Ligand code: SD4
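Below you can see the structure in the form of structure tokens.
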């Protein structure tokens, strides 16, 4: 059995369909998630991630990505990379071809070019138009809300498969970060333990939404450790989100989402604010599920 999950409606659909297409061609889980996120990054019509997504306050795209292999706990990530897509593939190369976990900024870009990636201008005419509109009516706080609630600038994916040696899971994420962020700002998505975490012993988890709050909560690691304590994926996510609602007042103001996938293929998701759409594919055509926000008080 194989289960694949992907966040957010429009970009998640592109990602999960490409991941399943790779699966049908016999790809392993790491390659499936790479193919899914790469497809969404390379699609210029998706405002969410990669080519043509929403830039930073200087009008430049700075992309973050990460991947973690639950079998070995190996991980690779890049942050604040300009002019390269798909950055998820660069993150994978950091994981597989270097002794490091993360490369940052210009040096990550140079690593990518040395690995054969072609630098390109990621600001499409539509992206430039959106940036100009924002420049003429700046309101960073309002744009944060807009970016998270409407354009969803991240796709995070989780996958688990049954193998003769036991369940195997992988987590991966790609993002353009919060729209109109300060240059150099890095969120939770490329941070192992914040944006993603995977451990074959228990399962995997991912996050999306306001990265500063998710990072402070170590949201993905916290959720995986909840699985280790015997919680179901839904209970594990609820606990993380309730912790955030209790300890991090700012997490009530912006959507902060965690989702989890257990070794047995069970899954769940929870959000601090707003409905959260999650694509779910279980050996089959992916379908969209919606998770309502948790209230501040435990049930
Ligand atoms: C970030 N967590 O950079 C990302 C943004 C996001 O849907 O997930 N948006 O903070």
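Numbering (my numbering), first residue to last: 53 to 351.
Ideal Cβ positions, reconstructed from N, Cα and C, are used throughout, including at glycine.
This one's a predicted model, so the numbers in the text were calculated from it and none came from an experiment.
Residues in the same chain with beta-carbon distance under 7 Å from residue i, minus the five sequence neighbours each way, listed in chain order, please.
i, result
"residue 90", "138, 140 and 141"
"residue 123", "220 and 252"
"residue 236", "132"
"residue 68", "56, 58, 88, 331, 333 and 338"
"residue 290", "322 and 346"
Assign residue i to buried or exposed, taking buried as 16 or more other Cβ atoms, counted over all protein chains shown, within 10 Å of its Cβ.
i, result
"residue 53", "exposed"
"residue 208", "buried"
"residue 189", "exposed"
"residue 351", "Unreliable positioning characterises residue 351 in this predicted model, as indicated by a pLDDT of 49, which lies under 50. The coordinate reading is nonetheless provided below. Per the 10 Å Cβ criterion, exposed."
"residue 2", "Because the chain spans 53 through 351 in this model, residue 2 falls outside it and cannot be assessed."
"residue 342", "exposed"
"residue 171", "exposed"
"residue 281", "exposed"
"residue 173", "exposed"
"residue 177", "exposed"
"residue 327", "exposed"
"residue 55", "buried"
"residue 151", "exposed"
"residue 285", "buried"
"residue 245", "buried"
"residue 134", "buried"
"residue 168", "exposed"
"residue 59", "buried"
"residue 322", "buried"
"residue 416", "Nothing can be reported for residue 416, as the shown portion of the chain is limited to 53 through 351."
"residue 161", "buried"
"residue 97", "exposed"
Near residue i, which residues of its chain fall below 6 Å by C-beta distance, leaving aside the five closest residues on each side in sequence?
i, result
"residue 183", "107 and 111"
"residue 348", "Only weak support is given to the placement of residue 348: the predicted model assigns it a pLDDT of 49, under 50, and the value that follows is read from those uncertain coordinates. Closer than 6 Å at Cβ, skipping near neighbours: 297."
"residue 206", "227, 241 and 260"
"residue 143", "117, 118, 119, 128, 129 and 130"
"residue 179", "104"
"residue 164", "136 and 142"
"residue 210", "57, 223, 256, 258 and 313"
"residue 84", "71, 74 and 75"
"residue 292", "271, 274, 275 and 310"
Please determine whether the Cβ atom of residue i lies at a distance below 7 Å from any heavy atom of the ligand HEM.
i, result
"residue 255", "Judged by which ligands are present, the ligand HEM is missing from the structure shown, whose ligands are the ligand SD4."
Beta strand (DSSP E) containing residue i: first to last residue?
i, result
"residue 238", "Counting along the chain, residue 238 falls outside any beta strand (DSSP E), and DSSP gives it neither H nor E."
"residue 222", "220-227"
"residue 117", "115-121"
"residue 211", "206-213"
"residue 341", "339-343"
Take residue i and list the residues in its own chain whose beta-carbon comes closer than 8 Å to its own, dropping the five residues that flank it on each side.
i, result
"residue 70", "87, 88, 90, 91 and 92"
"residue 218", "252 and 315"
"residue 287", "278 and 320"
"residue 101", "63, 89, 92, 93, 115, 205, 206, 207, 226, 227 and 228"
"residue 339", "331, 332 and 333"
"residue 175", "104, 107, 111, 112, 113 and 183"
For the alpha helix (DSSP H) that contains residue i, what are its first and last residues?
i, result
"residue 190", "Where residue 190 is concerned, there is no enclosing alpha helix (DSSP H), given that its DSSP letter is neither H nor E."
"residue 161", "157-166"
Could you tell me whether any Cβ in chain C is nearer than 8 Å to the Cβ of residue i?
i, result
"residue 53", "Reference to chain C is not applicable here, since this structure consists of a single protein chain."
### Message
Could you tell me which whole alpha helix (DSSP H) segments of length 4 or greater appear in the segment 248-330?
### Response
Taking 4 residues as the minimum length, the alpha helix (DSSP H) runs contained wholly in the segment 248-330 are 263-268, 271-280 and 285-299, in order along the chain.
### Message
Under 8 Å, with one C-beta from each stretch per pair, do the segment 123-130 and the segment 146-160 reach the 3-pair mark?
### Response
Enough Cβ pairs lie closer than 8 Å, so yes.
### Task
For the segment 294-303 and the segment 224-236, state whether three or more C-beta atom pairs, one from each stretch, are separated by less than 8 Å.
no
### Task
Please list the segments of the alpha helix (DSSP H) lying wholly inside the segment 125-155, counting only runs of 4 or more residues, in order along the chain.
139-149
### Ordered list of alpha helix (DSSP H) runs contained in the segment 55-91, each at least 4 residues
61-76
### Query
So, do the segment 303-318 and the segment 256-264 have three or more beta carbon pairs nearer to each other than 8 Å?
yes
### Message
Does the segment 268-279 come into contact with the segment 309-323, if we say contact requires no fewer than three beta-carbon pairs (one atom in each stretch) closer than 8 Å?
### Response
Per the Cβ contact rule, the segment 268-279 is in contact with the segment 309-323 (3 or more Cβ pairs under 8 Å).
### Query
When the Cβ atoms of the segment 64-71 are set against those of the segment 325-332, are three or more pairs found closer than 8 Å?
yes
### Message
Can you confirm whether the segment 216-229 touches the segment 243-253 when touching is taken to mean that 3 or more C-beta pairs between the two stretches lie within less than 8 Å?
### Response
Short answer: they touch.
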